[in-house]
Amino acid sequence: IQLTQSPSSLSASVGDRVTITCRASQGISSHLAWYQQRPGKAPKLLIYAASTLESGVPSRFSGSGSGTDFTLTISSLQPEDFVTYFCQQLQAFPLTFGGGTKVQIK
Amino acid sequence: EVQLLESGGALVQPGESLRLSCAVSGLKFSKYVFNWVRQVPGKGLEWVSTIGTNGDTYYNDSVKGRLTISRDDSKSTVYLQMNSLSAEDTAVYHCAKSGYCSPKCDGLDVWGQGTMVTVSS
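As they're listed, the protein sequences go chains A and B.
Counting in this note's numbering, the first sequence runs from -18 upward without gaps.
Counting in this note's numbering, the second sequence runs from 188 upward without gaps.
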């Protein structure tokens, strides 16, 4: 199952609302997770089951979608959010990741 | 606190072998599913392998037949035996714990910092 993540990068300002999209090549129900990765660090789970916020993750992060189309929304960008985000499908093996979205400061 | 600590990364020559270890603490090890995920520095994430609580294993086609995942519940450790290494295997290798599985899992909720494998002559 291929995951197409878009955009690959975006520029935004602190306080902006941003949306990242992940499209699966076939239906994956709600078996999708989103991760945040800071440079030189391990990925951190933000959202699982497409829309469930992982414990401790700020509520400005939200996820939606099912089937083939999913979104990660950051309602109000904070300075620490300017990093890279990945989606992952857990519907079937081989597990696959999207190509990533780098969120940059405008 | 749940912690995963990888070790075993090194610089090796093409064709050589290496064994990575992932020592897990802070949870009942035998109850959880574990994974290896690799990342070329500056690039994307690539799932490598998963081992279930009953020892079932799954592999990316790119490593099938060369890399073998295993677990030792008595030592709370996951292993990745890497044979016939090539330059394409050069990456940081992360060990990651799966979240709740029923049977599909809810993401990878705890990650180690990774261990670097470099394959070069």
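Backbone N, C-alpha and C fix where the C-beta goes; we use that ideal spot for every residue, glycine too.
With a threshold of 16 other CB atoms inside 10 Å of the CB of residue i, please say whether the residue is buried or exposed.
i, result
"B:Y246", "buried"
"B:M303", "exposed"
"A:T(-15)", "exposed"
"B:Y280", "buried"
"B:E193", "buried"
"B:Y287", "exposed"
"A:S11", "buried"
"A:S36", "exposed"
"A:R41", "exposed"
"B:R258", "buried"
"A:A5", "buried"
"A:A73", "exposed"
"B:S289", "exposed"
"A:I86", "exposed"
"B:V227", "exposed"
Would you kindly work out how many angstroms separate the C-alpha atoms of residue i and residue j, rounded to a whole number?
i, j, result
"B:L207", "A:G(-4)", "42 Å"
"A:P75", "B:G213", "28 Å"
"A:A31", "A:Q69", "10 Å"
"A:S(-10)", "B:A274", "28 Å"
"B:N222", "B:D243", "12 Å"
"B:G301", "A:S56", "31 Å"
"B:N270", "B:V211", "24 Å"
"A:G79", "B:L232", "8 Å"
"B:L295", "A:L13", "11 Å"
"B:V297", "A:T49", "26 Å"
"A:W15", "A:L27", "6 Å"
"A:T0", "A:K22", "23 Å"
"B:F216", "B:S263", "6 Å"
"B:V220", "B:G196", "22 Å"
"A:K25", "B:Q200", "32 Å"
Shorter than 8 Å from the beta carbon of residue i to some beta carbon of chain A?
i, result
"B:D293", "yes"
"B:D296", "yes"
"B:L232", "yes"
"B:Q300", "yes"
"B:Y245", "yes"
"B:D260", "no"
"B:G252", "no"
"B:D276", "no"
"B:G286", "yes"
Identify the residues that DSSP records as bridge partners of residue i: which are they?
i, result
"A:G46", "A:F51"
"B:V297", "B:K284"
"A:I(-18)", "A:I(-18) is not bridged to any residue."
"A:K121", "A question about residue 121 of chain A goes unanswered here, because the residues of chain A that appear run from -18 up to 87."
Answer with yes or no whether the minimum CB distance from residue i to chain B is below 8 Å.
i, result
"A:F78", "yes"
"A:P39", "no"
"A:A(-7)", "no"
"A:P(-12)", "no"
"A:L34", "no"
"A:A23", "yes"
"A:L26", "yes"
"A:G81", "yes"
Establish whether the CB of residue i and some CB of chain E are separated by less than 8 Å.
i, result
"A:P60", "The chain inventory of the structure shown lacks chain E, comprising the protein chains A and B."
Worksheet item: Taking only runs of the beta strand (DSSP E) that begin and end inside the region 196 to 220 of chain B, which ones reach a length of at least 3 residues, in chain order?
Response: The qualifying runs are 205 to 212.
Practice prompt. Run through the region 219 to 265 of chain B for me and flag every whole beta strand (DSSP E) of 3 or more residues, listed as ranges in chain order.
Written response: List check, beta strand (DSSP E) in window: 221 to 226, 232 to 238, 244 to 246, 254 to 259.
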